[in-house]
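Student:
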């Protein structure tokens with residue numbers, strides 16, 4: 001929500017709670033500003049023979065919106081979250097089993113306009129590429145980063161083996177060319193480009209990106225750098241909240 | 251201190267012995283030992299490291315004794331639900347004194363206390379109700395009149411550890427029969443149904459309590475306040 005120059009990044013306050021649901025094997029709720037998401041993980045559990053993969057676990061992500069039934073927008077968000085999770089989970093340790101991740105949106109800031117968006121999933125950024133191809137899928141960037149954070153905390157709570165953690169960061173480029181991290185709904189509406197990146201914890205690389213609007217290569221690189229800096233804060237927050245949780249038994 | 255980042259332990263550290271025994275939650279990647287779960291790292295001298303987890307989902311491991319529920323009885327084997335991602339198989343000959351003529355009396359829905367002989371990620375898990383010398387050693391079908399419930403795997407390991415505090419606190423309450431399955435299932439039977447329920451509730455709630463709170467709770471129950 002804060003404007004960031006080259007000096008520092010500011011994010012809205014976050015809160016998180018783990019193990020709040022009794023039925024799932026792992027659960028977490030993640031709150032970023034006014035957006036709140038509840039995640040539940042089931043697994044490794046039995047899988048239908050039609051869906052089983054012989055050497056890996058089958059990951060299924062379900063996103064439930066606040067009102068109504070899931071639609072195309074939720075499907076595209078599910079795909080983004082699933083690709084990120086599959087990249088960080090060690091799926092080969094549980095072949096022929098299923099992992100189910102259910103994300104329920106509890107409260108959001110207000111939705112964003114449905115203009116044409118650009119979706120690019122699971123790639124490592126090559127600074128020489130230009131991303132001006134447009135497709136017509138729908139994605140709400142700021143919700144997506146909240147989903148990613150909640151998903152990561154729930155997977156940690158369930159004790160599923162992972163090779164790295166991930167977090168979601170949203171950036172907006174407003175009409176002046178300023179880069180804003182973690183924009184609010186009002187700022188999103190006025191921006192000319194919105195991007196969400198999933199950043200991994202080991203080397204701060206980009207695992208997934210979902211973008212909307214038009215921007216230049218240089219701006220993309222700046223946004224990625226800014227998101228990587230913002231992800232430090234989120235990872236530190238993960239560490240602190242997990243430490244607080246385990247300090248009870250130590 | 252828990253972390254899931256690259257917590258690396260150098261295997262070439264000169265004060266540590268050459269062999270390091272890694273328990274669950276740790277993986278070897280090249281010449282480094284990497285953490286792969288969000289748990290507390292425990293270290294036992296001289297060279298054992300493992301992650302102590304609070305997870306609820308059981309993953310079968312060889313040699314662990316569990317409480318299973320018989321779901322299917324087909325021909326020569328029983329299918330047992332052990333809480334993992336697949337049902338385990340239990341042969342009818344894997345009981346003490348069982349022969350082709352003398353089949354064990356196992357029905358669908360029975361509780362069995364058994365041990366894994368095959369449990370890895372690639373094969374279907376297999377259980378047996380006897381140890382390597384052919385004796386039952388406490389394993390087999392059980393369970394009239396008791397209550398089966400689930401707790402987290404961490405509590406089960408705390409109950410089974412030597413000099414367990416939880417167990418000694420529990421022994422001072424009511425006399426009861428307790429079967430502990432490492433898949434997070436506990437079976438309790440006491441002389442009265444009320445006492446059985448009290449013990450079941452206590453064990454389920456002391457999962458997330460500190461030692462202090464637990465002793466306080468047990469003391470209140472012993473005094474009959476609850």
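Chains as they are written, first to last, in the numbering used here: chain A, 1 to 250; chain B, 251 to 476.
Beta carbons are placed, not taken as given, at the ideal position from N, Cα and C, and that holds for glycine.
Predicted, not measured: the structure shown is a model, and the values here were computed from it.
Could you pull the start and end residues of the alpha helix (DSSP H) that residue 218/A belongs to?
Tutor: From DSSP, the alpha helix (DSSP H) with residue 218/A extends over 217-246.
Student: Name the chain B residues whose beta carbon is nearer than 7 Å to that of residue 46/A?
Tutor: Within 7 Å Cβ-Cβ: 335 and 336.
Student: Could you say which of 285/B, 317/B, 314/B and 316/B lies nearest to residue 303/B if we only look at CA atoms?
Tutor: Out of 285/B, 317/B, 314/B and 316/B, 285/B has the C-alpha closest to the C-alpha of residue 303/B.
Student: In the DSSP assignment, the alpha helix (DSSP H) including residue 282/B goes from what residue to what residue?
Tutor: Element bounds for residue 282/B: not the alpha helix (DSSP H) but the beta strand (DSSP E), 282-285.
Student: Skipping 5 residues on each side, what residues in its chain have a beta carbon closer than 8 Å to that of residue 237/A?
Tutor: Excluding residues within five positions, the ones whose Cβ falls inside 8 Å are 14 and 16.
Student: Determine which residues of the region 80-105 of chain A have a Cβ less than 9 Å from any Cβ of chain B, and write them out in chain order.
Tutor: Those residues of the region 80-105 of chain A that come within reach of chain B (Cβ to Cβ, closer than 9 Å) are 90, 92, 93, 94, 95, 96, 97 and 98.
Student: Can you tell me whether residue 470/B is buried or exposed, with buried defined as 16 or more other CB within 10 angstroms of its CB?
Tutor: By the 10 Å Cβ count, residue 470/B comes out exposed.
Student: In terms of alpha-carbon separation, which member of 77/A, 184/A and 168/A lies closest to residue 206/A?
Tutor: Nearest C-alpha to residue 206/A: 168/A.
Student: Between which two residues does the beta strand (DSSP E) holding residue 316/B run?
Tutor: That run of the beta strand (DSSP E) goes 315-324.
Student: Determine the chain B residues that contact residue 25/A at a beta-carbon separation under 9 Å, and present them in chain order.
Tutor: Simply 305, 306 and 307.
Student: Who are the neighbours of residue 206/A on chain B, taking C-beta pairs under 9 Å?
Tutor: Those within 9 Å of residue 206/A in chain B number zero; the least Cβ separation is about 18 Å.
Student: Could you list which residues in chain B have their beta carbon closer than 9 Å to that of residue 162/A, in chain order?
Tutor: Under the 9 Å cutoff, chain B gives 254, 286, 287 and 288.
Student: Between residue 156/A and chain B, is there a C-beta pair that is closer than 8 Å?
Tutor: Yes, contact with chain B.
Student: Out of curiosity, what's the CA-to-CA distance linking residue 174/A and residue 37/A?
Tutor: In a straight line, the C-alpha of residue 174/A is about 26 Å away from that of residue 37/A.
Student: Would residue 212/A be called buried (16 or more neighbouring beta carbons within 10 Å of its own) or exposed?
Tutor: When all chains shown are included, residue 212/A counts as buried.
Student: Identify each residue in the region 235-248 of chain A for which the Cβ-Cβ distance to at least one residue of chain B is less than 7 Å, and report them in chain order.
Tutor: Answer set for the region 235-248 of chain A: 239, 242, 243, 246 and 248.
Student: If contact means a Cβ-Cβ distance below 7 Å, which residues of the region 352-376 of chain B contact chain A?
Tutor: Listed by position, the residues of the region 352-376 of chain B near chain A (Cβ gap below 7 Å) are 371 and 372.
Student: So residue 404/B is in the alpha helix (DSSP H); what residue range does that whole segment cover?
Tutor: Residues 403-410.
Student: If you measure from the beta carbon of residue 159/A to each beta carbon in chain B, is any gap under 8 Å?
Tutor: At least one chain B Cβ lies under 8 Å of residue 159/A.
Student: What are the boundary residues of the beta strand (DSSP E) that includes residue 200/A?
Tutor: Looking at the DSSP string, the run of the beta strand (DSSP E) that includes residue 200/A is 193-200.
Student: Compare the beta carbon distance of residue 184/A and residue 33/A with 8 Å and say whether it is the shorter of the two.
Tutor: Yes, they are a contact pair.
Student: Please say whether residue 317/B and residue 361/B have beta carbons closer to each other than 8 Å?
Tutor: Yes, Cβ-Cβ distance for residue 361/B and residue 317/B is below 8 Å.
Student: Tell me whether the region 339-355 of chain B and the region 307-317 of chain B touch, counting them as touching only if at least three CB pairs, one residue from each stretch, are closer than 8 Å.
Tutor: Not touching, per the Cβ criterion.
Student: Would you kindly work out how many angstroms separate the C-alpha atoms of residue 298/B and residue 148/A, rounded to a whole number?
Tutor: So the two alpha carbons sit approximately 34 Å from each other.
Student: Smallest Cα separation from residue 430/B: which of 461/B, 424/B, 388/B and 370/B?
Tutor: The option with the nearest alpha carbon to residue 430/B is 388/B.
Student: Which ranges does the alpha helix (DSSP H) cover as unbroken runs of at least 4 residues, wholly within the region 52-95 of chain A, from first to last along the chain?
Tutor: Within the region 52-95 of chain A, the complete alpha helix (DSSP H) runs of at least 4 residues are 72-88.
Student: Measure from the C-beta of residue 43/A to each C-beta in chain B and report whether the shortest distance is under 8 Å.
Tutor: Judged by the 8 Å Cβ criterion, residue 43/A is in contact with chain B.
Student: Which same chain residues, not among the five before or five after residue 39/A, have their C-beta less than 6 Å away from its C-beta?
Tutor: So the qualifying residues of the chain are 28, 103, 150, 151 and 154.
Student: Thinking C-alpha only, which one of 51/A, 214/A and 195/A is nearest residue 224/A?
Tutor: Here the closest residue by C-alpha is 195/A.
Student: Taking the C-alpha atoms as reference points, what is the distance between residue 350/B and residue 279/B?
Tutor: If you take the alpha carbons of residue 350/B and residue 279/B, they lie about 48 Å apart.
Student: Terminal residues of the continuous beta strand (DSSP E) containing residue 331/B?
Tutor: Element bounds for residue 331/B: 327-331.
Student: DSSP three-state call for residue 397/B: helix, strand or coil?
Tutor: Three-state result, residue 397/B: strand.
Student: Buried or exposed: where does residue 404/B fall if 16 or more other Cβ atoms within 10 Å of its Cβ makes it buried?
Tutor: Classification for residue 404/B: buried.
Student: Let me make sure I understand the geometry here. Which of 463/B, 386/B and 474/B has the alpha-carbon closest to that of residue 364/B?
Tutor: The shortest C-alpha separation from residue 364/B is found at 386/B.
Student: When DSSP labels each residue in this structure, what does residue 420/B get in the three-state scheme?
Tutor: Three-state result, residue 420/B: helix.
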